[in-house]
Structure formats: C-alpha cells, structure tokens
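*Asks:*
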Amino acid sequence: MAEIELRHIDKHFGVVHVIKDVSLTVKDREFVVFLGPSGCGKTTTLRAIAGLEEIDSGDILLDGKPIQNLRAADRDIAFVFQNYALYPHFTVYQNLAFPLEAVRTPRAEVEQVVRSVAKSLGISHLLRARPSALSGGDMQRIAIGRALVRRPKALLLDEPIGSLDAKLREQMRVELKRLHYENGSTSIYVTHDQVEAMSLADRIVVMNEGVLQQVGTPTEVYLYPANLFVAQFIGSPVMNVAPTVVREVDGAAEVALDGLKFGMPADLIGMLNLKAARSDLSLGIRPEGVEVSLAERPGYRPVEAHLIQPYGGFDIVDLKSGDRTLRARTVSGFVPRPGTPVFARIDPAQAHFFDNQTGASLGIRLERFQEKMPEFSGSKALPNKGLDHFGVSAETPGEAGQGA
Amino acid sequence: MTIRNVFVIPTVLFLIVFNVFPLLYSLGYSFTDFRASTKDPANFIGLKNYTDLLSDPFIWRNFTITAHYVMVSVVGQVIVGFGLALLLNRQMPFKGLLTTLLLLPMMLSMAVVGLFWKLLYDPNFGIINYVLGLGRFEWLADPDFALYAVALTDIWMWSPFVMLLSLAGLSAVPKHLYEAAAIDRAGRFYTFFRITLPLVAPILLIAIIFRTMEAFKTFDLAYVMTSQPTTEVVSIRLYKMAFQEWQTGKSCALAYIVLIMVLCITNVYVKYLNKAKER
C-alpha cells in the first residue's frame, strides 16, 4: 500500500495552464476524490499520477520515491478509465488476466487470482463472454477487476461510473465503497458529481481552473466551504449566495439582502470587527439554513412562497421578497401552494460570509439562536413532531438532493 | 420507371453483356476444340480439355511458378507495407506529404512500371547493379533470379496498397487501449502482438486477399520484363495458348481452372476474416 504525494505540479497544454502549482498528500489506504467542473484539471492530474501525461514541473512521489520520470508501466499504479478501455478482442477472462500475463505471471497463479477477483466482483459467470456482449455495469466491473488483479500500490479511477444510468451508478457507488473497504488500496477518484464525491470520499479535493480550492472531509467541505466556488459547487440545490450589508442594530447584528433584513447574534459584530456597516461581503446560506414558518413570529420576515419543487422526502421552496429569491428546504408539503405568504429567517449557525473581492470565506461560525418560545422547547432536532408551522427538515445535510 | 431503375438497369445490362454473357459463353467453349483462328466449327469434346490440362506437367510447372511468385510477392508486400504503416502511424512532420509520395507507385500503369524496372535492372547501365556494385549481373536473364526480380517490382508497386489499408486499421485502434496496455505493464512487443496485431488483422487480411488475387493473375509485369521459362506464370501461359497457339477451347478451360483456384484461395481467407471479425 502506498502514500502519494504531489509537490508543486504544473502542467500546460499549449498556452492553457491546466494544473497550477498543485500540492497534495494522499495517505496510505485513503480514498480521495478529486471534484470539480469539467476542464478543471482533475483528470489531467490523475493521468499525470498514472504516467499517461507528462508534467512540466514538480514532483510526484509514491512512498517517498519520485516517480514522475518513470513510464506508466513501472509505477505500479492501476487506472480505471471512464470508457472502460476493455480489450475488445479478448474474453473477460483474458482481459482480467492481461496485466498479470504482461509480466509473465505463472499460469496457475493467473487463473487463481483472476477467479478470486471475478468472484469478489460477482462476474464469475461472465468470464468467457466478450466485452461487446456486456452491459455498461458489467464492463465497469471488469475494468475495475482488471485494475485489482495486480494488487497495485494505488488505484486511480477516472469517472468510472460516469456513463452508467442513475440507478446503476448508485449501486456501483456502494460496490466501490465496499471494494475499497475490503482491499484498502490507496485510491484517487475523479468525478464532477458531488453526490458521488460526498458518499465515497474520505477526503474531497475540490479543484477549479487547475487550482486546489479546498481539501477536506465531505462534512468539512459541505459545512465549511473555503470559498464561494466550493460553497456553490457542493450541495444540491445550490447554496443561496447574495451580496449583503452587515450593520449593528440595537446591539445585535443585522444582515440585509436588498430589502430583506435578518437578525444575527451580537457575536458577529466582534467577529467582523464591525465599526460601520460593511457592504464588501456576500452571505451564503444553504436551503436547509433558511427556516420557514407559516405563522408570524419574532425574527421571521414576511416573504412569499413562489416555486415549490417536491423532491419526495422534502420540498425546495423559492421564497420571494421584491427581486430577491431565497431558496429554502422544508419538509414535504409544508407550504401548501405557490403564492402562500410565509415567514423566514436565517439560521446563523449555517450562515457563511465571503469576501466579495477574493471569494474566500471569512470562516465565521456562529451559534444557533437560543429559542425561548415554549412550543419549541427541546424539540429543535425534531421539528416536524407536531410543529405544523415549522418547516425545516431534520435530514442531514450530506444527503441533500441527488445530482442528476 | 423510377429514378432507381434509371441508374440500375444500364449497369445490369452492361454487366450481362460484357461480363455474364462472355463468362457463360467461354464456359461453353471450354468443352470444345474451338480455334478462333480457323473457320472450323466447334466440336464438343466433353472434359477432354480439363483432363489434358490437369495431367500436363508443363501446366503444373506454370502453376508452381505462379504459387512461388504469389508467396514471395504477397509476403514481401505485407512486410514492407505493414512496416511502413507502423512507421507512419505516429505524429510526425510532413506525414500527409510522405504518405502521398509513398502511394505514387501504385498509381502508375503496370506496363510502365515494368518498363521502368527493366531499365533499372539493365545489366549495362541499370542503377541497381551500379548501387549494389554487382557489375553486369543479369537480373532478368538469370533463370534463378528473374522471378524474384519481377516479384520485387510487384512489391515496390503494391506495398503502398497494403500500407494504406494497414494505416487505416492502425489508426482505428483506439488510443485508450494503448494507454490501458501501458497501465497494465505490457511492453512494446507484448502490446504489438497482443493488442495491435489482432485488432488490425481483419483489415490486413482484406489487403492480403486483394493482393493474392492480383498476384495470382499477374500478367503485365512478368510479360513486359522477361521472357524466361522460369517466369512463365499461368496467365502468360494462358495468353500464349489463347492468342499465339489459338487453342481457344483449351485456354477457356485453363481460365476456368485459374478462376476456381482463385475462388478457393480467397474462400479460405474469407473464413479467417469472418473469424477475426467475430472478436
């Protein structure tokens, strides 16, 4: 097993700077996911680690040894291609055996390893078929099997389930997680699907335009995005972000999104070093951080429910006030119909403040409001138990939405 | 008359008049003692022409020479043509120009190529002897070498054809398979023999089928370049039998024997081709 370290990797394609000074350490047995939009350099980085792409400068180390000048064959790293890259003229068995036969493994050993890998992937019955006769899911299993037969130091996967249909993707995701759990090989996985990234990764590496944006566990990246890009790339539906004015009002803080003003705990004043009103910030709040109430109550502002998208387990409701739209997540059916006047406020614990200039998060973490209303006593975590006027669902943030 | 028929009917008529009819008519002649040079009527003699031909040791010698020629020429073309295709199947400057230049030989007329190479082989002023320092070596007059000299010319002329088809086959092998093979730790030779060759095989077989058929009925090159008994391939014998000896009926029979042989050989290839395509 292996530790992979990238030190100041740079790579150009002609005039395009695709990887910009990327440094990263992937620990032994870790499952790291590179996440970013297409063209962000994640696949190029992965191919550079595998030896399919040369880098302009920097070091790639495998267990402390530089490998950037080795041929792909000498790196002892397996790679699963997005389009499977199965050998069309071989049977499944021959495809699985190829990496072993290429280094002259004795026949008996090849047979034993191929059969055991085929068994663990549930493809034993397909060994004599040719790839062209298989479904996408089976082809992907074989591509993964071909990577596993050689017990590589590290396993790189380039959007391996990207071309499968949604249902199969979900099934393969679970299988990949199980395989990693059983084999424990150091894995790097590239995807643009944040749901895949959240559900598989030990750590997520968010990339954009060749630059690492944030490296962290799925929860860290979701709850504490380092900048606006990460905040908006991760989470579905996307986080509400708007320029805001923060000022002090009667000893407490207040954020204004155009005409819509929400109270914030007094702590914010100190955190922002607020002497005068600040308008150089943006406020980010995920839909589940927008709390909706059907009845008027202190701290809640009147808004109008506009669009309602039912997701089954929850609804996404667009709240309108003037030109400003705020997307909220409520329990399913909470707002009966579009046009209903409702009341909303922002949960300070889920509010993010970003610098308008740099996009960087200010890293402000506030406490939740201390509820004093008797009908809420101690039931904050279970808002739907008899609280017909309170619409925040209790699901965990990581499950929000299903990326298409 | 639909527009479809406007195009189809002339073609079909043409084929019937100039292909199907002569084919059947000559089949009829092959069972007679017809001589086109006399006014004698054609007498039906059954299979006599065929039995005579197949028991004639001289005809068999013509067939042996032809087989020899086909072997040397096709193997040579596949090696040279496929080799050139491998060299060209990469990023390089002037690749298009180079490919076009290499294709030129096969665009020339057979007779012209034959005449050119006769000059090149000339024992007195030919450049081949000059370059190789062979003095006055008689390429085309030497009974042991003349056939190889003709085959060499054929290789020069038709290797580009094999190259062109191989190039198409090679560029159709997806690049990601080579990447996968590199990841799977396969060396150059291993990749070539287990990935490249099997995937190019079907199209290479098509090139081989075409070249075998052509080489089997080769006439112009050998006829223009030499007149050695050792270079008398079967089509030259056929030509002499039909138009010098005027044994029209017998030559028709020989032509049918050649046709059946070519069909048999290509059938074997087609079987392999279908097998290769199944994968």
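Chains as they are written, first to last, in the numbering used here: chain A, 30 to 433; chain B, 1435 to 1713. C-beta: ideal position from N, C-alpha, C; glycine also.
Helix, strand or coil, according to DSSP, for ILE1513 (chain B) in the structure here?
*Replies:* Residue mapping note: residue 1513 (chain B) aligns to position 79 of the second sequence, counting from 1. Three-state DSSP puts ILE1513 (chain B) in a helix.
*Asks:* Around the Cβ of LYS1711 (chain B), are there at least 16 other Cβ atoms within 10 angstroms (buried) or fewer (exposed)?
*Replies:* Here the question's residue 1711 (chain B) lines up with position 277 in the second sequence. It is exposed - the Cβ of LYS1711 (chain B) has fewer than 16 other Cβ atoms within 10 Å.
*Asks:* Do ILE1629 (chain B) and LEU1611 (chain B) have their C-beta atoms within less than 8 Å of each other?
*Replies:* For the purposes of this step, residue 1629 (chain B) is identified with residue 195 of the second sequence, where counting begins at 1. For the purposes of this step, residue 1611 (chain B) is identified with residue 177 of the second sequence, where counting begins at 1. In this structure, LEU1611 (chain B) lies closer than 8 Å to ILE1629 (chain B) by Cβ.
*Asks:* Tell me the residue span of the alpha helix (DSSP H) that contains TYR1564 (chain B).
*Replies:* The residue given as residue 1564 (chain B) occupies position 130 in the second sequence. Here the alpha helix (DSSP H) through TYR1564 (chain B) covers 1561-1566.
*Asks:* Could you check whether the Cβ of TYR122 (chain A) sits closer than 8 Å to any Cβ belonging to chain B?
*Replies:* As a first step, residue 122 (chain A) must be located in the first sequence, where it is residue number 93. Judged by the 8 Å Cβ criterion, TYR122 (chain A) is not in contact with chain B.
*Asks:* Could you check where the beta strand (DSSP E) with ILE314 (chain A) kicks off and where it finishes?
*Replies:* Looking up residue 314 (chain A) in the first sequence gives position 285. It spans 307-314 - the beta strand (DSSP E) in which ILE314 (chain A) sits, taken as one unbroken run.
*Asks:* Counting pairs of beta carbons, one from the region 1660-1670 of chain B and one from the region 1495-1510 of chain B, are three or more of them closer than 8 Å?
*Replies:* At 8 Å Cβ cutoff, the stretches touch.
*Asks:* Kindly list the residues whose CB is nearer than 8 Å to the CB of ILE1562 (chain B), restricted to its own chain and excluding five residues on each side of it in sequence; keep chain order.
*Replies:* Working through the second sequence from its first residue, we reach residue 1562 (chain B) at position 128. The residues are LEU1554, TYR1555, LEU1568, TRP1573.
*Asks:* In or out: MET1541 (chain B) buried (at least 16 other Cβ within 10 Å) or exposed?
*Replies:* The residue labelled residue 1541 (chain B) in the question sits at position 107 within the second sequence. Answer is exposed; the Cβ neighbour count stays below 16.
*Asks:* Are there 16 or more other CB atoms within 10 angstroms of the CB of MET168 (chain A), so buried, or fewer, so exposed?
*Replies:* The sequence position of residue 168 (chain A) within the first sequence is 139, counting from 1. Buried: at least 16 other Cβ atoms inside 10 Å.
*Asks:* Verify the CB distance criterion: does LEU116 (chain A) have a CB-CB separation below 8 Å to chain B?
*Replies:* The residue you call residue 116 (chain A) lines up with position 87 of the first sequence. As written in the sequence, residue 116 (chain A) is Tyr, which differs from the Leu given in the question. At least one chain B Cβ lies under 8 Å of TYR116 (chain A).
*Asks:* Is GLY1530 (chain B) helix, strand or coil when you go by DSSP?
*Replies:* To locate residue 1530 (chain B), count along the second sequence from 1; it is residue 96. Helix.
*Asks:* Would you report the Cα separation of ALA128 (chain A) and ALA1620 (chain B), rounded to the nearest angstrom?
*Replies:* What you label residue 128 (chain A) is simply residue 99 of the first sequence in a count that begins at 1. What you label residue 1620 (chain B) is simply residue 186 of the second sequence in a count that begins at 1. Per the sequence shown, residue 128 (chain A) should be read as Pro rather than Ala. Their Cα atoms are separated by approximately 7 Å.
*Asks:* How is the beta strand (DSSP E) around THR1485 (chain B) delimited, first residue to last?
*Replies:* Looking up residue 1485 (chain B) in the second sequence gives position 51. Looking at the DSSP string, THR1485 (chain B) is not in any beta strand (DSSP E); the run it does join, the alpha helix (DSSP H), is 1482-1488.
*Asks:* Give every residue of the same chain whose Cβ lies closer than 7 Å to the Cβ of LYS56 (chain A), excluding the five residues on either side of it in the sequence, and list them in chain order.
*Replies:* Reading the first sequence from its first residue, position 27 is the one you call residue 56 (chain A). Cβ within range, chain order: GLU32.
*Asks:* Note down, one range per segment and in chain order, each beta strand (DSSP E) of at least 3 residues found wholly within the region 204-286 of chain A.
*Replies:* Runs of the beta strand (DSSP E) inside the region 204-286 of chain A: 215-220, 232-237, 240-245, 269-278, 281-286.
*Asks:* Would you list, in chain order, the members of the region 1618-1630 of chain B that have their beta-carbon closer than 9 Å to a beta-carbon of chain A?
*Replies:* From the region 1618-1630 of chain B, only ASP1618, ARG1619, ALA1620, GLY1621, TYR1624, THR1625, ARG1628, ILE1629 have a Cβ closer than 9 Å to chain A.
*Asks:* Smallest Cα separation from ILE337 (chain A): which of A:GLN223, A:LEU252, A:ARG366?
*Replies:* On the first sequence, residue 337 (chain A) is found 308 positions in, with the first residue counted as 1. Taking only the C-alpha atoms, the option nearest ILE337 (chain A) is A:ARG366.
*Asks:* Restricting to Cα atoms, I'd like to know which of A:TYR218, A:GLU396, A:ARG58, A:SER265 is closest to PHE343 (chain A).
*Replies:* Within the first sequence, the letter at position 314 stands for residue 343 (chain A). Answer by Cα proximity: A:SER265.
*Asks:* Using DSSP bridges, identify the partner residues of PRO331 (chain A).
*Replies:* Translated into the one-based positions of the first sequence, residue 331 (chain A) becomes position 302. Bridge partners of PRO331 (chain A): A:PHE372.
*Asks:* Sort A:ARG353, A:LEU348, A:ASP352, A:GLY368 by Cα distance to THR359 (chain A) and report the nearest one.
*Replies:* In the first sequence, counting from the first residue as 1, residue 359 (chain A) sits at position 330. Checking every option, the nearest Cα to that of THR359 (chain A) belongs to A:LEU348.
*Asks:* Following the continuous alpha helix (DSSP H) through VAL1440 (chain B), name the residue where it begins and the one where it ends.
*Replies:* On the second sequence, position 6 is the one that residue 1440 (chain B) refers to. Per DSSP, VAL1440 (chain B) belongs to the alpha helix (DSSP H) from 1437-1449.
*Asks:* Would you kindly check if the distance between the Cβ of GLN379 (chain A) and the Cβ of GLY318 (chain A) is under 8 Å?
*Replies:* On the first sequence, position 289 is the one that residue 318 (chain A) refers to. On the first sequence, position 350 is the one that residue 379 (chain A) refers to. Yes, the Cβ-Cβ distance between GLY318 (chain A) and GLN379 (chain A) is below 8 Å.
*Asks:* Whose Cβ in chain A lies nearer than 7 Å to the Cβ of ALA1614 (chain B)?
*Replies:* Within the second sequence, the letter at position 180 stands for residue 1614 (chain B). Neighbours of ALA1614 (chain B) on chain A, chain order: PHE110, ALA114.
*Asks:* Got a sec: which bits of the region 1631-1647 of chain B sit with their beta carbon under 9 Å from any beta carbon on chain A, in order along the chain?
*Replies:* Residues passing the 9 Å Cβ filter: PRO1632, LEU1633, ALA1635.
*Asks:* Roughly how many whole angstroms lie between the Cα atoms of ARG58 (chain A) and ARG307 (chain A)?
*Replies:* Within the first sequence, numbered from 1, the residue matching residue 58 (chain A) stands at position 29. Within the first sequence, numbered from 1, the residue matching residue 307 (chain A) stands at position 278. The straight-line gap from Cα to Cα measures roughly 46 Å.
*Asks:* Taking 8 Å as the threshold, find out whether the region 175-189 of chain A comes into contact with the region 106-116 of chain A through three or more Cβ pairs.
*Replies:* Short answer: they touch.
*Asks:* Where DSSP assigns a beta bridge to MET293 (chain A), which residues make up the other side?
*Replies:* Within the first sequence, numbered from 1, the residue matching residue 293 (chain A) stands at position 264. MET293 (chain A) pairs with A:ALA282.
*Asks:* Just the Cα atoms here: how many angstroms apart are GLY43 (chain A) and ASP287 (chain A)?
*Replies:* Taking the first residue of the first sequence as position 1, residue 43 (chain A) is located at position 14. Taking the first residue of the first sequence as position 1, residue 287 (chain A) is located at position 258. Roughly 45 Å between the two C-alpha positions.
*Asks:* Rounding to the nearest angstrom, what Cα-Cα distance links SER86 (chain A) and ALA77 (chain A) in this structure?
*Replies:* Along the first sequence, read from residue 1 onward, the residue named residue 86 (chain A) stands at position 57. Along the first sequence, read from residue 1 onward, the residue named residue 77 (chain A) stands at position 48. Straight-line Cα distance between these residues: approximately 11 Å.
*Asks:* DSSP three-state call for HIS118 (chain A): helix, strand or coil?
*Replies:* Stepping through the first sequence from its first residue, residue 118 (chain A) is reached at position 89. If DSSP states are grouped into helix, strand and coil, HIS118 (chain A) belongs with coil.
*Asks:* Can you tell me the Cβ-Cβ gap for LEU257 (chain A) and GLY65 (chain A), rounded? I've got them flagged as a contact below 8 Å.
*Replies:* Position 228 of the first sequence, counted from the first residue, corresponds to residue 257 (chain A). Position 36 of the first sequence, counted from the first residue, corresponds to residue 65 (chain A). Actually they do not touch by this definition, with Cβ atoms about 14 Å apart.
*Asks:* Would you say LEU1707 (chain B) reaches chain A, if we count a Cβ-Cβ gap shorter than 8 Å as a contact?
*Replies:* Here residue 1707 (chain B) refers to the residue found at position 273 of the second sequence. So no, LEU1707 (chain B) is outside the interface.
*Asks:* Since THR1625 (chain B) is in the alpha helix (DSSP H), which residue starts that stretch and which ends it?
*Replies:* Translated into positions along the second sequence, residue 1625 (chain B) becomes position 191. 1622-1625 is the extent of the alpha helix (DSSP H) around THR1625 (chain B).
*Asks:* Is the beta carbon of VAL1596 (chain B) sitting closer than 8 Å to the one on GLY1515 (chain B)?
*Replies:* As a first step, residue 1596 (chain B) must be located in the second sequence, where it is residue number 162. As a first step, residue 1515 (chain B) must be located in the second sequence, where it is residue number 81. Taking 8 Å as the Cβ cut-off, VAL1596 (chain B) and GLY1515 (chain B) qualify as a contacting pair.
*Asks:* I want to see whether chain B comes within less than 8 Å of VAL132 (chain A), judged by CB atoms only; does it?
*Replies:* Residue mapping note: residue 132 (chain A) aligns to position 103 of the first sequence, counting from 1. Yes, its Cβ sits closer than 8 Å to a Cβ of chain B.
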